[in-house]
Amino acid sequence: MARIVVVSQSEDSRSKLVKLLASSGLQVFRSCSSGSELRRALSESEDCVVVMVGYTPDCKPDELMWDYKDSIQILLIAKQPVLDNIESPEIFRLAMPASGQAVLGAVEMLSQLHRMRLPRRTGESKDIVDRAKAVLMKQKGLSEPEAHRAMQQYAMNHGMKMAEFAAQILKKAEE
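Just so you know, our numbering puts 184 at position 164 of the sequence shown, and the rest follows in order with no gaps.
Here it is, written out as structure tokens:
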């Protein structure tokens, strides 16, 4: 299941949305009040469905989709004039006021779409990543989750696939 991240400047909107999703058995990974908080949450996970109620000044939905296009799905719940200004066709829009059933249906649909488009590691690339993690664990004294996270962050920050970065680690370790 994709991780769900709820974003709204309004504490009331966030808590109502989290309760709605939880009542339907959907677990919320993070609840964020700002764009910077959202970006930190996205850096911790590769598979997110972002549910935005309106948007924060420091995080416009179009910019977010541009930055994270391959790793997120966005549901924007807002008033119609706001929705009309969204340019990205990949952003799913829901006009306010929206019923709880409409929100749940949209989140479930986006979770399924997200699962279908997530790339799966091949056996070979998984092996490369695992060997690179072992190198980092040995050289830096990291635990397996710490090594995985370090590789994931570096790859994401440098716009590369984790397997590509893992291959670089292995190449340097052989030198």
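Virtual Cβ for every residue (Gly too), placed ideally from N, Cα, C.
Do you know offhand how far E184's Cα is from S91's?
17 Å
Are the CB atoms of V70 and V25 within a distance shorter than 8 Å? yes
Buried or exposed (CB count within 10 angstroms, at least 16 for buried), Q47: exposed
Report all residues from its chain with a CB closer than 8 Å to the CB of L40; omit the five preceding and five following residues, and keep chain order.
G120, V123, L124
* In whole angstroms, what separates the C-alpha of M180 from that of D82? -> 22 Å
Practice problem: Starting from the C-beta of S53, find all residues in its chain whose C-beta is less than 8 Å away, skip the five residues before and the five after it, and write them out in chain order. | Solution: V27, S28, Q29, E31, R34, T76
*asked:* Please state whether the Cβ-Cβ distance between A115 and L103 is less than 8 Å.
replied: Their beta carbons are under 8 Å apart, which means A115 touches L103 by this criterion.
- Can the beta-carbon of A126 be found less than 8 Å from the beta-carbon of F112? yes
ask   = For L37, which residues of its own chain have a beta-carbon under 6 Å away from its beta-carbon, when the five flanking residues on both sides are left out?
value = V26
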